[in-house]
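Working notes for the structure below.
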Amino acid sequence: VLLLEIKENGVSLYLNSLSQFFLDTVNPDTGIPFSTLASGASATYEFIVTFDPDAGDQFQDQSVVFDLKIGIFVELPEACQNIQFTHPPIFGTQNRDRLHGGNGRQLIVSFEGNDVISGGNAGDCILSGPGNDKVSGGNGPDAIDSGPGDDQITGGNGNDIVMAGPGADRIEGGNGHDQVFGQEGNDILKGGNGNDTLDGGPDTDSADGQLGTDTCDAETEIRCEL
1 VLLLEIKENG
11 VSLYLNSLSQ
21 FFLDTVNPDT
31 GIPFSTLASG
41 ASATYEFIVT
51 FDPDAGDQFQ
61 DQSVVFDLKI
71 GIFVELPEAC
81 QNIQFTHPPI
91 FGTQNRDRLH
101 GGNGRQLIVS
111 FEGNDVISGG
121 NAGDCILSGP
131 GNDKVSGGNG
141 PDAIDSGPGD
151 DQITGGNGND
161 IVMAGPGADR
171 IEGGNGHDQV
181 FGQEGNDILK
191 GGNGNDTLDG
201 GPDTDSADGQ
211 LGTDTCDAET
221 EIRCEL
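Position 191, counted from 1, in the sequence shown is what UniProt numbering calls 191; the numbers after and before it change by one each time, with no gaps.
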């Protein structure tokens with residue numbers, strides 16, 4: 001009987017017969033999950049195949065080939081979970097990136113660095129990472145979730161949902177009935193055109209509903225009807 005053990009950094013992740021391994025991985029959408037590595041991190045994996053010495057030479061000159069799938073793990077916020085993406089995702093790097101969406105619905109993800117991100121002509125899911133980013137949703141109902149940093153965010157055209165991260169952010173909903181949420185930090189929120197909802201979150205925030213019938217929750221409220 002052939003046995004398979006898979007180790008990550010010396011720690012056993014899987015130990016079973018090779019025949020059972022084939023049963024466990026028959027579905028191409030599943031398999032044996034490895035760890036999720038942080039940006040810039042690394043890990044060492046070992047695939048150890050052993051056989052009973054009493055088996056003789058029946059496995060001589062045989063080989064085992066493993067398929068590895070390597071990808072980027074992204075946890076979508078609730079606002080993005082119902083978006084039907086029509087185009088491949090766009091990923092940034094640890095450096096300063098300029099990311100632009102296309103004509104379809106896309107997932108756009110930046111990582112570290114002071115990035116410039118713009119959505120396309122449909123409703124995109126934009127996730128900006130740590131750094132002082134500039135984000136524009138473009139056309140369509142976008143969902144924007146920014147990470148830590150002093151970000152400048154514009155929803156653009158469409159009924160957008162904007163969720164700012166920790167930091168002193170400047171957020172404008174743009175055209176449409178937008179929902180704008182601040183987090184930690186002294187944020188400046190502007191609704192733009194439409195009936196908007198502005199929620200500054202913790203700390204000392206400013207909300208300006210601008211045009212339309214707007215709902216505000218902030219320490220300083222201007223042109224907020226509700």
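Heads up, the beta-carbon is just placed ideally off N, CA and C, and yes, glycines get one too.
- A direct Cα-to-Cα measurement between Leu18 and Asn186 gives close to 57 angstroms.
- In the DSSP assignment, Glu8 is bridged to Val11 and Tyr45.
- Looking from the CA of Ala168, the closest CA among Phe111, Gly113 and Asp151 belongs to Asp151.
- Following the DSSP letters along the chain, one finds Ser136 inside the beta strand (DSSP E) bounded by residues Lys134 to Ser136.
- Every unbroken stretch of the beta strand (DSSP E) spanning 3 or more residues and falling wholly within the stretch 31-119 is given here in chain order: 45-51, 98-100, 107-109 and 116-118.
- DSSP, read as helix, strand or coil, puts Leu23 in helix.
- In the three-state reduction of the DSSP assignment, Leu18 falls in the helix class, which pools H, G and I.
- Spatial neighbours of Ile32 in its own chain (CB-CB distance under 6 angstroms, excluding positions within 5 residues in sequence) are listed in chain order as Tyr14.
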